[in-house]
Each structure stands twice: as structure tokens, then as C-alpha cells.
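Colleague: Chains as they are written, first to last, in numbering that gives the first Met the number 0: chain C, 0 to 334; chain Y, 0 to 334. Every residue gets a Cβ at the ideal spot worked out from N, C-alpha and C, and that includes glycine.
Protein chains: 2
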Amino acid sequence: MSDRLANSPFAKRFGLTTPIALAPMALASGGELAAACAKAGALGLIGGGYGDPGWTQREYGIAAQALSTQPEAAAQLGCGFITWRMKEDRSALDYVLDRERPPAAIMLSFGDPSELARDIVARGVPLICQIQTMAQLPQAVDAGASVIVGQGVEAGGHGMKSAQGRSTFTFVPEIADWLAAHAPHVDLLAAGGVADGRGLAAAMTLGADGALIGSRLWATQESLAADAAIAEAVQAGGDDTARSGVFDILREKNWPAEYDFRALRNALHRKWENRLDELRADPEAAIADYKAGVAAQDYSRAHVTVGEGTGLISENASATQVIEAITYQAGNFFR
Amino acid sequence: MSDRLANSPFAKRFGLTTPIALAPMALASGGELAAACAKAGALGLIGGGYGDPGWTQREYGIAAQALSTQPEAAAQLGCGFITWRMKEDRSALDYVLDRERPPAAIMLSFGDPSELARDIVARGVPLICQIQTMAQLPQAVDAGASVIVGQGVEAGGHGMKSAQGRSTFTFVPEIADWLAAHAPHVDLLAAGGVADGRGLAAAMTLGADGALIGSRLWATQESLAADAAIAEAVQAGGDDTARSGVFDILREKNWPAEYDFRALRNALHRKWENRLDELRADPEAAIADYKAGVAAQDYSRAHVTVGEGTGLISENASATQVIEAITYQAGNFFR
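Structural data, given as C-alpha cells:
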């Protein structure tokens with residue numbers, strides 16, 4: 000284990016052995032994956048996502064149970080939520096905050112965190128705020144964030160549209176410079192494109208204290224992603240993903256206009272990617288096509304939620320193996 | 000000087016003391032800037048761009064004159080061209096190839112390089128091919144490229160549209176893995192977002208042998224960019240750029256549909272960025288507005304060609320200072 004990794008301010012803040020956080024991917028980062036990441040020395044963030052309290056309660060329970068005999072790992076368990084959705088219904092957030100053992104951290108992304116942050120910070124729970132532009136940074140720090148996650152447009156799933164978003168490579172050092180000048184006590188994680196030890200080491204070289212990892216941990220045995228979807232991602236290269244609103248329309252998700260969604264650019268995506276207005280105006284047949292694809296695990300129609308880093312994923316491994324391999328490879332750069 | 004930098008295969012191939020190449024930016028990378036980069040130990044690529052033979056001849060002459068008493072630095076002078084434009088008129092390329100002292104390298108970008116590459120390679124001139132997707136990589140290697148430049152969408156100026164393009168952070172390691180398996184003798188440079196020593200070190204951590212640097216060397220005293228334009232870039236943050244076809248329409252450039260252009264998102268860009276069809280259909284008034292802006296050095300209308308890395312540029316320094324600072328800072332990561 001490289002000292003540089005274990006001594007990162009982010010790792011020390013949460014008692015981790017490696018400066019990695021599991022991205023709280025809605026419907027993929029369940030209790031089993033979060034627990035596996037915590038056991039491997041990372042921060043395990045359950046993907047509370049759209050805020051179904053039953054889902055969050057069940058998955059949080061699975062993780063707590065899996066870690067019941069390992070109090071150190073249990074202290075590395077947290078949860079992430081979609082900010083704009085929590086403003087509509089925060090019962091899942093309240094469930095997590097009201098547990099006897101408080102979460103290691105709550106992560107918020109996609110919206111102004113200020114109001115929700117007050118409750119989180121008042122309870123002494125560390126707040127992690129994911130941002131997509133420099134313009135969002137002062138607000139997140141003012142809200143009381145202990146950790147900023149800078150998410151580049153290469154990330155899978157939701158993020159800022161390419162036209163307004165940032166790339167990890169320039170976003171991380173620009174955030175790092177701002178934090179060094181204005182909020183040096185706040186840690187920084189890179190998100191978007193970190194899928195191996197080179198990525199973790201590069202992110203830290205650019206000024207991050209660690210990385211929030213999505214796609215690479217999505218494609219693991221403990222993930223709630225279907226094996227057949229993971230197999231598609233393993234085959235795919237980084238050229239094979241695209242950002243658009245296609246899958247949000249097909250999934251009938253009401254996302255704010257500035258965000259869209261990166262996934263594999265499958266046949267259904269290609270069919271609609273240049274006809275979004277038409278799809279929005281009359282989505283019924285396409286939604287039926289998509290739902291049939293999901294039911295049949297036909298990934299020419301169903302979405303496979305990975306980012307550009309999918310080109311660096313060559314197997315469906317265990318989360319433990321993934322975190323160990325990333326940590327080992329990154330550590331070699333800092334010897 | 001860190002051994003890791005001077006011993007990079009790319010640096011050794013060209014006898015450089017630092018693994019940096021000046022991006023051959025059309026109308027910015029003139030003879031003075033290319034000569035300054037070569038003197039500082041980097042590869043100085045003149046921006047032959049659209050292939051005006053008079054411009055290339057003049058700027059190449061300026062560089063050769065500036066390096067006339069320094070044969071080692073003179074051997075680090077090359078030129079870059081826009082592939083699709085050379086297919087229309089290759090006289091500027093032929094001028095460079097026919098010089099008594101052959102160029103250190105010719106770089107081609109934006110189009111299938113195969114045909115032009117034959118002449119370049121047959122003369123023993125090292126070929127550098129810039130690519131924007133993994134799909135372009137086998138073709139570039141087959142064409143005889145000694146060096147691949149992987150350009151991410153965060154780069155300033157022309158590049159692949161965001162919808163099809165790649166980000167530096169994932170593109171570099173994916174190219175590196177492919178080259179290691181299929182063409183280990185070919186070197187790799189990262190382009191797009193490398194603006195300081197953190198970026199150079201991160202690019203090398205991701206698997207590159209060095210970096211092709213545009214914006215940071217555009218904003219130098221030796222650049223042909225106007226001081227007033229550089230002042231705008233120094234003030235700007237990385238959120239302040241955008242990719243689109245706006246400036247190509249205003250400049251009446253006939254670029255292939257897959258490419259567009261990143262620059263500061265100024266008032267004229269904002270006016271048209273969501274109305275490209277309208278602008279294409281009736282561009283006259285907007286072109287007049289743009290040309291008046293250029294004539295007046297009014298950068299609310301004229302384009303300022305920088306990438307997302309502009310947020311990491313805080314002064315208009317000399318190219319020598321820039322290369323020394325990047326090399327020093329990157330070297331510290333490899334001690």
C-alpha cells in the first residue's frame with residue numbers, strides 16, 4: 000500500500016486505506032456493492048438516487064448486515080442522492096439520517112444543495128457535493144461540503160450536457176486551485192473516466208485527493224447491474240458511448256434541462272439521438288420498445304449505463320479485486 | 000530536469016530535453032513561437048493549417064533564421080497541416096518537404112492521412128498523426144505514423160464534435176493499451192487540456208509519452224495571437240469555452256461535418272450557438288458583425304481560440320518560461 004494513497008486527506012478523513020469512493024449509482028450501487036467497497040477500504044456510497052425509501056431502506060439494511068461484525072468497515076458506509084429529487088421527497092434521506100449509526104457521509108448531486116445541506120451538516124454528517132462546473136463550486140463550499148466531487152462529461156449516467164459541462168482533465172486542477180485559495184480544508188475527488196490505477200494516480204497528479212469511481216465498480220459481481228449488461232460494457236470501447244436525453248425520455252424521467260445521460264450508444268439510442276424533439280412529442284411507441292428491451296435484457300434497446308472509461312474495462316471482476324488492483328497500480332506511480 | 004521526461008521515447012526520438020510538442024495552431028504557431036519552443040528543448044511545429052504556401056514559407060523562414068546558429072534546435076522544427084485541406088492544395092506541404100534541411104516531423108490531423116503519408120514516410124520524415132477517436136487509430140498506424148496524438152474534446156480550436164469525440168482522460172490510456180498490443184514502437188502524445196506540469200505528468204501517468212500543448216503556448220509573447228485576445232483568455236475560466244460550428248460559419252470555413260471548434264463563448268457565440276441552421280441559411284449580417292469585431296479586436300465578437308485549459312492560464316508569459324515551468328513542475332512528480 001502506497002503511503003501517498005492512504006495518507007490522502009480524503010482517505011484519512013474517512014479512515015480509508017485507499018482514496019476511492021464508490022459512485023452512488025442509482026439502482027446499481029446497492030448494499031452488497033457498498034459493503035464490498037467498504038470492506039476493501041474504500042467509501043461505500045449506496046445509490047439512493049431517485050429516493051425510493053423502500054429501496055434505500057432495503058439496500059442500506061443489506062450493507063449494514065454485511066458489515067455487522069466489522070465496525071471499521073461499517074463506518075465507511077454512506078449514501079448519495081439526487082438533489083432535485085430530494086426536494087420533492089426527502090423521506091429516503093431522512094431514513095438514512097435517522098439511523099442509529101449515522102452514515103459516514105451523504106453525497107448530493109444535481110441541484111442547489113444549500114437547503115438539504117443544512118440538516119446534514121447540523122447533524123455532523125460529512126457532506127459530499129458533486130459539481131459539474133466551476134460556477135457551482137462556491138455554492139457547494141458555502142453549503143458546508145467537506146468533499147467536492149468534480150464530475151467530467153466522460154462519466155456514465157447523469158451529468159452536465161457536453162455543451163456546458165467540463166472534462167475531468169481540466170476540471171480537476173481548476174477546482175484544486177480554487178480550493179487551495181479559498182477552502183483548503185475541503186477535499187477533492189475526480190469523477191468521470193477513472194477506471195484503473197493510471198486514472199487514480201493521474202487524478203491525484205492533477206490535484207485531486209482521490210477518485211469517485213462509477214463504471215468500473217458498476218461492472219462487478221456485487222453490482223446490481225445485470226450480468227448481460229456488464230458483458231456488453233466489457234465488449235465496448237470508449238468510442239461506443241454517447242450523452243443525450245434519449246434514455247431519460249424513454250424512462251420518463253423529468254430531469255432539469257441542463258443534464259443528460261451517458262450510456263452505450265446502442266441501436267435504440269442511434270435511432271433517436273438526432274430526433275429528440277420528435278421523441279418527446281410522441282414517445283409512446285419508443286417507450287414500449289425500450290420497456291420490451293429491458294424485460295428481455297436486449298441491450299440493443301435497453302440502456303447500459305457506463306461512461307467513456309468502459310474502454311478500459313476488460314472483465315466482470317469482484318469489487319474487492321477491482322479496488323485492490325486500482326490501488327496497487329496507482330501506488331506504483333507514487334513509490 | 001527529470002530523467003523520466005528527457006528519457007521519454009518521444010523526447011529521445013526527436014532529441015528533445017522535454018516531451019512537449021507545440022501544437023501547430025493555424026495562424027498562431029508561427030516561426031517565432033516554433034523557434035522558441037525548439038530552443039527550449041521541445042518540438043516546434045509550425046501551424047501550416049489551411050495551407051497558404053506564402054504564410055508557411057514566411058514563418059518557416061523566420062524559424063530557420065532564428066535557429067541558424069543552433070543546429071540542434073533547428074533539428075527540432077517541423078510543421079503541421081490540416082489533412083482534408085492538403086488534399087485540395089498540398090503546395091505548402093511540398094514546400095516544407097522540399098527544403099534542403101528536412102523537417103523534424105510533419106503532423107497531419109482531420110482526415111484520412113493515408114495518401115499524404117506515403118510521400119512523407121517515403122522521404123524518411125517522421126509522421127505525427129492526430130486522432131480524435133479509437134476508430135481512427137489503426138488507419139493512422141497503418142499510414143506509418145511514428146507518433147499518435149490523441150486529441151480530447153477539451154482542446155481549443157478544431158476537434159471532433161462532443162457527441163462523437165473523446166475526452167483526454169479516457170482516450171489516452173485506451174490508445175496506450177492499443178499501441179502496447181499492436182504497435183509498441185509508436186509514441187503517444189496527449190492533446191487537449193494539458194496546460195501545466197500537473198497536466199503533463201498526468202498525461203504520462205495515463206500512458207502518454209508526452210503532450211502536444213496548444214492553448215498554454217498560444218497565450219505567449221511569441222505567439223501570433225493578439226495580446227488583447229490573450230488577455231481575454233487569461234481572464235477566462237474553463238467554464239467559459241464552448242464547442243460549436245459558429246466560428247467556422249462566420250469564418251466561411253468549409254469543415255467536414257464531424258468537426259467543430261472550441262473557443263471562448265463570447266457574446267456573438269452565445270447569440271448563434273443554438274441557431275446554427277438559421278446562421279447557415281443567412282450568414283451575411285453575422286459575418287459582417289464578426290469581421291468588424293476582428294478588425295476592432297473586439298473579442299465579444301471575434302473568436303479567442305482556447306480550450307478548457309484556459310482556466311489554468313494566469314499570465315501571458317514567454318514560451319521559454321512556459322516550457323521550463325511545465326517541465327519543472329512535471330518533473331517534480333517523477334522524482
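Using 8 Å as the Cβ pair cut-off and three pairs as the minimum, do the segment 130-150 of chain Y and the segment 235-248 of chain C touch?
Modeller: With the cut-off at 8 Å, the segment 130-150 of chain Y and the segment 235-248 of chain C touch.
Colleague: Would you mind sorting C:K11 into buried or exposed? The rule is 16 or more other CB atoms within 10 Å of its CB.
Modeller: Exposed, since its Cβ has fewer than 16 Cβ neighbours within 10 Å.
Colleague: For Y:L311, return the contacting residues in chain C, with the cut-off set at a CB-CB distance below 8 Å.
Modeller: Correct list: T169, P172, E173 and D176.
Colleague: With 16 other CB atoms within 10 Å as the buried threshold, where does C:H181 fall?
Modeller: By the neighbour-count rule (16 or more Cβ atoms within 10 Å), C:H181 is not buried but exposed.
Colleague: What are the residues in the segment 127-155 of chain C lying within 9 Å of chain Y by C-beta distance?
Modeller: Flagged, chain order: T132, M133, A134, G151, V152 and E153.
Colleague: Closest to Y:C78 by CA distance: which of Y:S113, Y:G30 and Y:G110 is it?
Modeller: With distances taken between Cα atoms, Y:C78 lies closest to Y:G30.
Colleague: Relative to the ligand FMN, is the shortest distance from any of its heavy atoms to the C-beta of Y:E58 smaller than 7 Å?
Modeller: You won't find the ligand FMN in this model; it holds no ligand whatsoever.
Colleague: Would C:G308 and C:R215 qualify as a contact pair, given that the criterion is a beta-carbon distance under 8 Å?
Modeller: Yes, the Cβ-Cβ distance between C:G308 and C:R215 is below 8 Å.
Colleague: Give me the residue from Y:A287, Y:E87, Y:Y258 and Y:I147 with the minimum Cα distance to Y:R250.
Modeller: Closest by alpha carbon: Y:A287.
Colleague: Please report whether the beta-carbon of Y:F260 lies at a distance below 8 Å from any beta-carbon of chain C.
Modeller: No - not a single Cβ of chain C is within 8 Å of the one on Y:F260.
Colleague: Taking 8 Å as the cut-off, decide whether the C-beta atoms of Y:G156 and Y:T304 are in contact.
Modeller: For Y:G156 and Y:T304, yes; Cβs fall inside 8 Å.
Colleague: Does any residue of chain C bring its CB to less than 8 Å from the CB of Y:F246?
Modeller: No - not a single Cβ of chain C is within 8 Å of the one on Y:F246.
Colleague: Establish whether the CB of C:R197 and some CB of chain Y are separated by less than 8 Å.
Modeller: Taking Cβ atoms only, chain Y reaches closer than 8 Å to C:R197, which makes this a yes.
Colleague: Is the segment 262-278 of chain C close to the segment 6-22 of chain Y, with three or more CB pairs under 8 Å?
Modeller: Not touching, per the Cβ criterion.
Colleague: Given a cut-off of 8 Å, decide if Y:I325 and Y:D176 are closer than it, judged by their beta-carbon atoms.
Modeller: Their beta carbons are not under 8 Å apart, which means Y:D176 does not touch Y:I325 by this criterion.
Colleague: Of the choices C:W54, C:E58 and C:F9, whose alpha-carbon is the least far from that of C:L32?
Modeller: When only C-alpha atoms are compared, the closest one is C:E58.
Colleague: Only counting the same chain, and skipping five residues up and downstream in sequence, which positions put a Cβ closer than 7 Å to that of C:A285?
Modeller: Correct list, in chain order: L249, W271 and L278.
Colleague: Please say whether C:T240 and C:G306 have beta carbons closer to each other than 8 Å?
Modeller: Cβ atoms of C:G306 and C:T240: closer than 8 Å.
Colleague: Going residue by residue through the segment 211-252 of chain C, where are the continuous beta strand (DSSP E) segments of at least 3 residues, counting only ones entirely within it?
Modeller: Counting whole runs of 3 or more residues, the segment 211-252 of chain C contains the beta strand (DSSP E) stretches 240-243.
Colleague: Measuring straight from C-alpha to C-alpha, what distance separates C:A230 and C:A154?
Modeller: One C-alpha to the other measures close to 19 Å.
Colleague: Could you work out which residues of chain C lie near Y:F332, taking near to mean beta carbons separated by less than 8 Å?
Modeller: Simply T204.
Colleague: Can you list, in chain order, the residues of the segment 297-324 of chain Y whose Cβ is nearer than 8 Å to any Cβ on chain C?
Modeller: Cβ contacts with chain C: G306, E307, G308, G310 and L311.
Colleague: Using 10 angstroms around the beta-carbon of C:G60, count the other beta-carbons present and answer buried if the total reaches 16, otherwise exposed.
Modeller: Under this definition C:G60 is an exposed residue.
Colleague: Kindly confirm or deny that the segment 96-106 of chain Y and the segment 36-56 of chain Y touch, where touching means at least three C-beta pairs closer than 8 Å.
Modeller: Touching, per the Cβ criterion.
Colleague: Spatial neighbours of Y:V95 within its chain, please: C-beta separation below 6 Å, excluding the five flanking residues on both sides.
Modeller: Answer for Y:V95: C78 and P102, listed in chain order.
Colleague: What residues from chain Y crowd round C:G192, counting only those whose CB sits closer than 7 Å?
Modeller: Those are S166, F168 and T169, listed as they occur along chain Y.
Colleague: Within 10 angstroms of the Cβ of Y:G292, are there 16 or more other Cβ atoms? Answer buried if so, exposed if not.
Modeller: By the 10 Å Cβ count, Y:G292 comes out buried.
Colleague: Check each candidate in Y:A20, Y:F333, Y:D118 and Y:G244 and name the one with the smallest Cα separation from C:A162.
Modeller: When only C-alpha atoms are compared, the closest one is Y:G244.
Colleague: Between the alpha carbons of Y:Q129 and C:K290, how many angstroms are there, rounded?
Modeller: Cα to Cα, the separation comes out at about 41 Å.
Colleague: Taking DSSP as the reference, what is the three-state secondary structure of Y:Y351?
Modeller: Nothing about residue 351 of chain Y can be read from this structure; chain Y reaches only from 0 to 334.
Colleague: If you draw a straight line from the C-alpha of C:A294 to the C-alpha of C:G206, how long is it?
Modeller: The straight-line gap from Cα to Cα measures roughly 43 Å.
Colleague: Rounded to a whole number of angstroms, what is the C-alpha to C-alpha distance between Y:R56 and Y:R98?
Modeller: Residue identity check: residue 56 of chain Y is Gln in the sequence provided, not Arg. Distance between the alpha carbons of Y:Q56 and Y:R98: 10 Å.
Colleague: Quick one: grab the DSSP three-state call for C:L42.
Modeller: Strand at C:L42.
Colleague: How is the beta strand (DSSP E) around C:G156 delimited, first residue to last?
Modeller: Its beta strand (DSSP E) spans residues G156 to M159.
Colleague: What do you reckon, are the CB atoms on Y:A25 and Y:A62 nearer than 8 Å?
Modeller: Against a cut-off of 8 Å, the Cβ pair of Y:A62 and Y:A25 comes out as no contact.
Colleague: Distance, Cα to Cα, C:W83 vs C:V146?
Modeller: Spanning the two alpha carbons is a distance of roughly 19 Å.
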